[in-house]
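Visitor: Numbering (this note's numbering), first residue to last: 45 to 441.
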Ligand SMILES: Cc1ncc(COP(=O)(O)O)c(C=O)c1O
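(1) With a threshold of 7 Å (Cβ to nearest heavy atom), would residue 143 be considered close to ligand 1?
(2) Is it true that the region 138–155 meets the region 242–249, where meeting means three or more beta-carbon pairs spaced less than 8 Å apart?
(3) Mind the definition here: the region 262–270 touches the region 332–350 only if three or more C-beta pairs lie below 8 Å; say whether that holds.
(4) What is the DSSP secondary structure of residue 253, reduced to helix, strand or coil?
(5) Specify, as a first and last residue, the run of the beta strand (DSSP E) that residue 160 falls within.
(6) So what's residue 245 in DSSP terms, helix, strand or just coil?
(7) Shorter than 7 Å, the distance from the beta carbon of residue 253 to the closest heavy atom of ligand 1, or not?
(8) Would you mind stating whether residue 87 and residue 286 have Cβ atoms separated by less than 8 Å?
(9) Tell me, please, whether the region 293–302 touches the region 127–146 by the rule of three or more beta-carbon pairs shorter than 8 Å.
(10) Do residue 282 and ligand 1 come close, with the Cβ less than 7 Å from some heavy atom?
(11) Using only the alpha-carbon positions, how far apart do residue 272 and residue 230 sit?
(12) What do you get for residue 58, buried or exposed, if any count of 16 or more other CB atoms within 10 angstroms of its CB means buried?
(13) Any heavy atom of ligand 1 inside 7 Å of the beta-carbon of residue 194?
(14) Would you call the region 158–178 and the region 207–217 touching, i.e. three or more CB-CB distances under 8 Å?
(15) Tell me, please, which residues DSSP counts as bridged to residue 216.
(16) Start and end of the alpha helix (DSSP H) containing residue 438?
(17) Can you check DSSP and say which residues form a bridge with residue 194?
(18) In chain order, which continuous runs of the alpha helix (DSSP H) of length 4 or greater are located wholly inside the region 343–394?
(19) Nearest by alpha-carbon distance to residue 75: which of 389, 399 and 174 is it?
(20) Since residue 220 contacts residue 373 with CB under 8 Å, what's their CB separation in whole angstroms?
(21) Residue 417 lies in the beta strand (DSSP E); which residues open and close that run?
(22) Give a yes or no on whether the C-beta atoms belonging to residue 384 and residue 363 are separated by under 8 Å.
(23) Helix, strand or coil, according to DSSP, for residue 233 in the structure here?
(24) Cβ of residue 168 versus every heavy atom of ligand 1: is any distance shorter than 7 Å?
(25) Would the C-beta of residue 293 count as close to ligand 1, meaning under 7 Å from any of its heavy atoms?
(26) Could you tell me the distance, in whole angstroms, from the CA atom of residue 423 to the CA atom of residue 50?
(27) Anyone know if the C-beta pair for residue 223 and residue 79 falls short of 8 Å?
(28) Write down every uninterrupted run of the beta strand (DSSP E) in the region 288–316 whose length is 3 residues or greater and which is fully enclosed by it, in chain order.
Written out as structure tokens, the structure reads:
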């Protein structure tokens, strides 16, 4: 079927984190803003998912639910094989209600308080807080931004990996917010350093289905046999099919010992092993029948990126968009506005009246940037850009 992503769906009063007025008030101090911040889509999810959830709703009993069926695991491993050419055993898949809860568990299971954990800023901001909240130390291997492109700083990474206190590296692949789809070569180099220094790699690949044309995602553990023994891969249908509110992710661990420790921790110590009833049927439907929808949504997202690039070139040529390779998150350099980060945040909320994720939230290297979620009807993106344009213009007058 042909999906209509131009359709604007009113998400106010739907308990949406992105649109809920009370949350906007709490987070931004205003409700009078167009929200393009949180990373979910303003599109309806695939029809087979909606049908599966409706069917479940009609059952009328929502008791404790069990996911460990061949149908559930086959839908996940089938997707990984079909879309990523990644052969996994069903036994490798461990359920978690989310990647962030899983990383919390991983930190507590595979490191001790005071240990150092590497992240690469600017990066998805909860990485910082979960490390700190668990009493571990954040070690930042900041990405290099040169010639309008992001890359890894391998020398700095190696130096930090050599520190005996460094135990875990949280990789964001593809990278939120800078939109890089890391190449096999880049990942291999980092992986070799981790292998040499006994570092566990937690590869957060939640965005791995959201790849733009011309780029190819590489599953970290699939690069070489030895990487399987030092890595845990986080995947989920949540970003891919816009079902984040259903709370489902798959933590894929091929090494038996690592998997056993993680499984014991997530179920035995954290009691997070039972999914909600709707997430099971939605996951099966999405991974079994969601291909067509995903292909269409990514075409639309790609067109939105193209629209945004054209808009900037025509109306705001001083504002640079980093070339996106994956995700639906645009990373825009507003530094030419000459405002401090606080001034720009205030400007976006009170003058442009748009709620974006200010770059500085993603750690050092995010200064001067804003992240805009383009997984919305084009008219909303256009409205957002018009409001920013008008605010900048009136500021200059
Ligand atoms: C890189 C990354 N990891 C994890 C998450 C959230 O994962 P979950 O909802 O499964 O905890 C997000 C959401 O934006 C993300 O961008």
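The beta-carbon is built from N, C-alpha and C at its ideal position, and this holds for glycine as well.
Guide: From the atom records:
(1) Taking the first residue of the chain shown as 1, we reach residue 143 at position 99. Remark: the C-beta of residue 143 is in contact range of ligand 1, defined as less than 7 Å to any heavy atom.
(2) Segments in contact, yes.
(3) Counting Cβ pairs under 8 Å, fewer than three are found: no touch.
(4) For the purposes of this step, residue 253 is taken as residue 209 along the chain shown, with counting starting at 1. Taken through DSSP and simplified to helix, strand or coil, residue 253 comes out as coil.
(5) Walking along the chain shown from the start, residue 160 turns up at place 116. Start and end: 160–163.
(6) Indexing the chain shown from 1 puts residue 245 at position 201. Strand at residue 245.
(7) If you number the chain shown from 1, residue 253 lands on position 209. It does not: the Cβ of residue 253 is nowhere closer than 7 Å to a heavy atom of ligand 1.
(8) Position 43 of the chain shown, counted from the first residue, corresponds to residue 87. Position 242 of the chain shown, counted from the first residue, corresponds to residue 286. Yes, Cβ-Cβ distance for residue 87 and residue 286 is below 8 Å.
(9) Output reads yes: the region 127–146 touches the region 293–302.
(10) The count along the chain shown starts at 1 and reaches residue 282 at position 238. Between ligand 1 and the CB of residue 282, the shortest heavy atom gap is smaller than 7 Å.
(11) By 1-based counting over the chain shown, the position of residue 272 is 228. By 1-based counting over the chain shown, the position of residue 230 is 186. Taking C-alpha positions only, residue 272 is separated from residue 230 by approximately 17 Å.
(12) What you label residue 58 is simply residue 14 of the chain shown in a count that begins at 1. With fewer than 16 other Cβ atoms within 10 Å, it is exposed.
(13) For the purposes of this step, residue 194 is taken as the residue at position 150 of the chain shown. Because no heavy atom of ligand 1 lies under 7 Å away, the Cβ of residue 194 does not count as near it: no.
(14) As far as the Cβ criterion goes, the region 158–178 touches the region 207–217, which means the pair count is three or higher.
(15) Within the chain shown, numbered from 1, the residue matching residue 216 stands at position 172. DSSP lists 248 as partners of residue 216.
(16) By one-based count along the chain shown, residue 438 stands at place 394. That run of the alpha helix (DSSP H) goes 422–440.
(17) Mapped onto the chain shown, residue 194 falls at position 150. Answer by DSSP bridge pairing, in chain order: 189.
(18) Given a length threshold of 4 residues, each whole run of the alpha helix (DSSP H) inside the region 343–394 is given here in chain order: 385–390.
(19) Here residue 75 refers to the residue found at position 31 of the chain shown. A check of alpha carbon separations from residue 75 across 389, 399 and 174 identifies 399 as the nearest.
(20) Here residue 220 is taken as the residue at index 176 of the chain shown, counted from 1. Here residue 373 is taken as the residue at index 329 of the chain shown, counted from 1. Taking a contact as a CB-CB distance under 8 Å, the pair residue 220 and residue 373 counts as one, their CB atoms being some 6 Å apart.
(21) Sequence index remark: in the chain shown, residue 417 carries index 373 (1-based). Run containing residue 417: 413–417, per the beta strand (DSSP E) assignment.
(22) For the purposes of this step, residue 384 is identified with residue 340 of the chain shown, where counting begins at 1. For the purposes of this step, residue 363 is identified with residue 319 of the chain shown, where counting begins at 1. Not a contact, by the Cβ cut-off of 8 Å.
(23) Residue mapping note: residue 233 aligns to position 189 of the chain shown, counting from 1. In the structure shown, residue 233 sits in a helix (DSSP, three-state: H, G or I).
(24) The residue given as residue 168 occupies position 124 in the chain shown. The answer is yes for residue 168.
(25) Position 249 of the chain shown, counted from the first residue, corresponds to residue 293. Taking 7 Å as the cut-off, one finds at least one heavy atom of ligand 1 near enough to the beta carbon of residue 293.
(26) The residue you call residue 423 lines up with position 379 of the chain shown. The residue you call residue 50 lines up with position 6 of the chain shown. Answer to the nearest angstrom: the Cα atoms are 7 Å apart.
(27) Sequence index remark: in the chain shown, residue 223 carries index 179 (1-based). Sequence index remark: in the chain shown, residue 79 carries index 35 (1-based). Their beta carbons are not under 8 Å apart, which means residue 223 does not touch residue 79 by this criterion.
(28) Counting only runs that start and end inside the region 288–316, the beta strand (DSSP E) elements of at least 3 residues fall at 293–296.
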